[in-house]
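Chemist: Supplied in structure tokens, the structure appears directly below.
Listed below in structure tokens is the structure:
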């Protein structure tokens, strides 16, 4: 009956739950050295997707491994419970109930009710997460989880912030920031980078008449017409050349750069204009102009509405003159400040409400949202004669990652953490950490840190950790609170404070020490990235608890998340760790790529472009899903297109072969008991004396694998480990068992059978422990079936699960690099031989005459010769010929160019070099293979420039040869089918079976026997004919051969029958009987 992996996994899962396996593992390791893993908190407002399952697989594998390596590994789940995703759910509810959302809804129902609703929905899907993550096989503590909304967590966030405050790393200022009009709040720059989309926007050219010459105008190009009502200046590049032109159709005169003519005219070459003057941008500095709107004219007429200079202006975009609206552009703000247009007392025009709608004095567009107002603003400009040109542009534009609406740039008074001054320390601390893959650290994250800007940590929201700043009305007196006790002490509050949300603390006031009345808490809450970045401290309620042993576990040993977290969690943890303790809070960081739908698009529930993860686990099991994901480019931070067929393939190529290997072992152990009445028990010591080459090879391979796994896992390179683990499964099933099936079945005697069973057990027992972190279900399943064969002297304290055991240690006495090398070369030759057969469509059952192996190394040829029997048997070939002289087999060499490499290196000469390559002789190419260089047409070519090909020149003599090559190895298979080979092959197999039967019953070469044969199935005449034709060959196995039912009648009476068995030989069944004479 076929194994049902999902059902077996559910059975194992039930066992784990019954014995409380995860907590039992923690209990067994309590006294061991701690290994610290930090789990990044997800939101529980949706169900887990493949990205979560991938990250969870990585976060399960690595802690399992280090636990088996002798560490105590606590694993606590965490929840991100604050922020916009939660508020959006409540806003949608309130929109339906009250017809309002956001600030208006809060004003209607109050913050207390709003936060109560948020708390109610925050863990909507927590139960589903627990179920799915548990079914994946991940061991993590959901009962002792941390939540960012817990009072203890929030209190530690206050402590973190107070440390920054006391280090003078916090300030209040107005900065132009990405702003979400849908959420009514500024975002950090990292958040604004998350969601760029291609959008169409208006692109307009507007005129700004000079006050000194109203017939001449400056031109400016913008894709945000809504910013024009707030215009207070224009800017040119001081060193760029500007043209003053006269448009002959309209008679108007304009200033712009020459490159801007293509924006002004469809075809500048055909356009009718005259260049009147050429000036530098610095020559235009200070020239006053008439703004397109007069809403702020009185406020800025003395300081603004003039030409400014700055080098950020480019000739490549627009017309080389940039309109300045300081509240809605970072460069605009900085330039206006530097020029004195704005200052501490004169704020930039910012005529928008929190939702991005125009307010007074912009009376003509009052109440309109900025993006919606673009059309009316263009109509207004057209009517006033200021719109010179309008068009559409498609460009990449940032969107709010939560509301999916376009962001704007807006000057907002916010609270900032000073990050720019930390950059040198951030880069220094980055060098102390290890990242996988390293390229993310060296490029993406390094670059992000290098260009880091001060972090806006304040959000104008309601459901979040309140920023613990109490201020006077004039903002001159500020108190930062760092704990609940400090808050009670400063406010005089007498009761218990068990909740720090806005509805509980906003009403508390602190008496001023400067006679300014009461200090009130500012309205803002923390950016929720500040909370998740504080998790190493806040999840432990540090420093209010766990203070004594905190630094035994800090920095953490390991974190893992997706590539997008380089601008999120990885970044905020790194900033806060550097600010607090001048270290990153982690030593090792594993970065995974993004899991996409099969079509390469983002996975989308609405598009239904991916299969439900729970259904995949129910259909194939969790182990195949885990293996599929972690044996893919996604663990190298590259994208993975998820394909259900990929999971299915893991079942057939990995899970079933592994299961069948165990099954085969179990069957042979049962057969040993049945035929020899012998109970198998593993004897680890027996393997050190094993001389069988295949036993020594698979045991040595296992030790090499363990050594490799330990090295690579200490460097967190899962992507190198998994392929090697799968390679051992393949070696076990498709090479060791296949080549030793008859030994394992007992055909060479009890001693050899127990040796081979002991070897197979050692490999399987090592494999299940080695695979346990990666495929926890099948590893435990097979382990529990193998466990009875482990002697008491080799059992650990709790044997109920493989996950309670130590990771297998390397047995150096079983190392044999020479044996591994020999068998590896044998495998290569066999695979090439199979390939040659496949190309000619010749079945392995058809005996062939000769296999030629060509290789320049004598050691290689000697290795192949030492395993000749295996090669001949596996490929069903009679003769093996080894040679280092390919010339005698008409082998010709040629080269193919690496076109890309040649093009880069030799540019226009590349074509000439390529043309000369076919004329290279085989000898010249052989020299190139030895020396790694060759000169062609005066150019020196190296290994990366050429690919060498070898082929047999087709002649009448060679047409029957099929060649296959890999590296320096070439095999030539004689594919001619010879009838006599079939008969000789049958004779060899029959003799082989007789010899094995002799060995099985302990006969020695000097024991004379009569061989009695009976053909139970197949052509008796064919067997009789072969025995007569190859009489000499059979003489080595027995003194005489007789046939049942004929000349053998009564032979048993003439001697003792010492052995009898039925043997499958090709398509026949032959009964063999040995009579001792």
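Numbering (this note's numbering), first residue to last: 4 to 1080.
Ideal Cβ positions, reconstructed from N, Cα and C, are used throughout, including at glycine.
Computed from a predicted model, the values in this text were never measured in an experiment.
Quick one: using the 10 Å Cβ neighbour count with 16 as the cut-off for buried, is residue 970 buried or exposed?
Modeler: So residue 970 ends up on the exposed side.
Chemist: Does residue 58 pass the burial test, meaning 16 or more other C-beta atoms within 10 Å, or should it be called exposed?
Modeler: Buried: at least 16 other Cβ atoms inside 10 Å.
Chemist: Can you tell which of 950, 1076, 84 has the C-alpha that lies nearest to the C-alpha of residue 1004?
Modeler: Among 950, 1076, 84, the Cα nearest to that of residue 1004 is on 1076.
Chemist: From the DSSP output, in three-state form, read off residue 77 for me.
Modeler: It is coil, neither helix nor strand.
Chemist: Among the candidates 132, 204, 572, 557, whose CA atom is the shortest distance from the CA of residue 534?
Modeler: Residue 572 is the option with its Cα nearest to residue 534.
Chemist: Taking residue 279 as the reference, which of 668, 258, 453, 288 has the closest Cα?
Modeler: Per the Cα distances, 258.
Chemist: Sort 992, 988, 991, 961 by Cα distance to residue 978 and report the nearest one.
Modeler: The shortest Cα separation from residue 978 among 992, 988, 991, 961 belongs to 961.
Chemist: On the CB-based measure, 16 or more other CB atoms within 10 Å of its CB, does residue 587 come out buried or exposed?
Modeler: It is buried - the Cβ of residue 587 has at least 16 other Cβ atoms within 10 Å.
Chemist: Could you tell me which residues DSSP pairs with residue 175 in its beta bridges?
Modeler: In the DSSP output, where bridge partners are listed per residue, residue 175 has 418.
Chemist: Quick check on residue 569: buried or exposed, where buried means 16 or more other Cβ atoms within 10 Å of its Cβ?
Modeler: Looking at its Cβ environment, which holds 16 or more other Cβ atoms inside 10 Å, residue 569 is buried.
Chemist: For the beta strand (DSSP E) containing residue 397, name the first residue and the last one.
Modeler: Residue 397 -> beta strand (DSSP E) spans 390-401.
Chemist: Excluding the 5 residues preceding and the 5 following residue 514 in the sequence, name in chain order all residues of the same chain whose CB lies nearer than 7 Å to its CB.
Modeler: The residues are 521.
Chemist: So, with DSSP's three-state summary, where would you put residue 640?
Modeler: DSSP places residue 640 in coil when its eight states are reduced to three.
Chemist: Buried or exposed for residue 26, please, with buried defined as at least 16 other CB atoms from any protein chain shown within 10 angstroms of its CB.
Modeler: Exposed is the call here.
Chemist: Using CA atoms only, rank isn't needed, just tell me which of 604, 624, 598, 656 is closest to residue 643.
Modeler: Ranking 604, 624, 598, 656 by Cα distance to residue 643 puts 598 first.
Chemist: Taking residue 695 as the reference, give the member of 747, 721, 665, 657 with the closest Cα.
Modeler: The residue with the shortest Cα to Cα distance from residue 695 is 747.
Chemist: Just to check my reading of the structure: residue 624 and residue 131 have Cβ atoms closer than 8 Å, yes? What is that Cβ distance to the nearest angstrom?
Modeler: Not really, about 19 Å apart at Cβ, beyond 8 Å.
Chemist: Whole angstroms is fine: what's the gap from residue 145's alpha carbon to residue 725's?
Modeler: When rounded, the distance between both Cα atoms is 28 Å.
Chemist: Are the stretch 267-281 and the stretch 341-357 touching by the rule of at least three beta carbon pairs closer than 8 Å?
Modeler: Output reads no: the stretch 341-357 does not touch the stretch 267-281.
Chemist: Provide the residue span of the alpha helix (DSSP H) that contains residue 26, from first to last.
Modeler: Where residue 26 is concerned, the enclosing alpha helix (DSSP H) stretches over 24-31.
Chemist: So the candidates are 713, 409, 813, 781; which of them puts its Cα closest to the Cα of residue 182?
Modeler: Selected option, being the one with the closest Cα: 409.
Chemist: Residues in its own chain within less than 6 Å of residue 647 by CB, not counting five upstream and five downstream?
Modeler: Excluding residues within five positions, the ones whose Cβ falls inside 6 Å are 614.
Chemist: With a cut-off of 8 Å, do at least 3 Cβ pairs link the stretch 211-230 to the stretch 442-453?
Modeler: Touching, no.
Chemist: What do you get for residue 619, buried or exposed, if any count of 16 or more other CB atoms within 10 angstroms of its CB means buried?
Modeler: By the 10 Å Cβ count, residue 619 comes out buried.
Chemist: Would residue 966 and residue 838 be called neighbours here (beta carbons separated by less than 7 Å)?
Modeler: No. Outside cutoff.
Chemist: Can you check DSSP and say which residues form a bridge with residue 210?
Modeler: In the DSSP output, where bridge partners are listed per residue, residue 210 has 222.
Chemist: Considering only C-alpha positions, which residue in the set 869, 186, 234, 981 is nearest to residue 91?
Modeler: Residue 91 has its Cα closest to that of 186, out of 869, 186, 234, 981.
Chemist: Do the CB positions of residue 718 and residue 71 come within less than 7 Å of each other?
Modeler: No.
Chemist: Out of curiosity, what's the CA-to-CA distance linking residue 14 and residue 882?
Modeler: So the alpha carbons of these two residues sit roughly 52 Å apart.
Chemist: Please report the straight-line C-alpha distance between residue 936 and residue 33, rounded to a whole angstrom.
Modeler: Distance between the alpha carbons of residue 936 and residue 33: 60 Å.
Chemist: Quick test of your reading: residue 338 and residue 238, contact by CB under 8 Å. State the CB separation rounded to the nearest angstrom.
Modeler: Their Cβ separation, rounded to whole angstroms, is 6 Å, which keeps residue 338 and residue 238 in contact under 8 Å.
Chemist: Which residues in the same chain have their Cβ closer than 8 Å to the Cβ of residue 480, if we skip the five residues on either side of it in sequence?
Modeler: Taken in chain order, the residues that qualify are 474, 515, 516, 517, 519, 522.
Chemist: Below 8 Å on the Cβ atoms is my contact criterion, and I expect residue 939 with residue 916 to pass it. Report the Cβ-Cβ distance as a whole number of Å.
Modeler: Contact flag correct, Cβ pair sits at about 5 Å.
Chemist: How far does the alpha helix (DSSP H) with residue 540 in it reach, from first residue to last?
Modeler: Note, residue 540: alpha helix (DSSP H), 538-541.
Chemist: Any idea what DSSP makes of residue 99, helix, strand or coil?
Modeler: Correct three-state label for residue 99: helix.
Chemist: Measuring alpha carbon to alpha carbon, tell me which residue in 821, 321, 285, 471 is nearest residue 313.
Modeler: The shortest Cα separation from residue 313 among 821, 321, 285, 471 belongs to 285.
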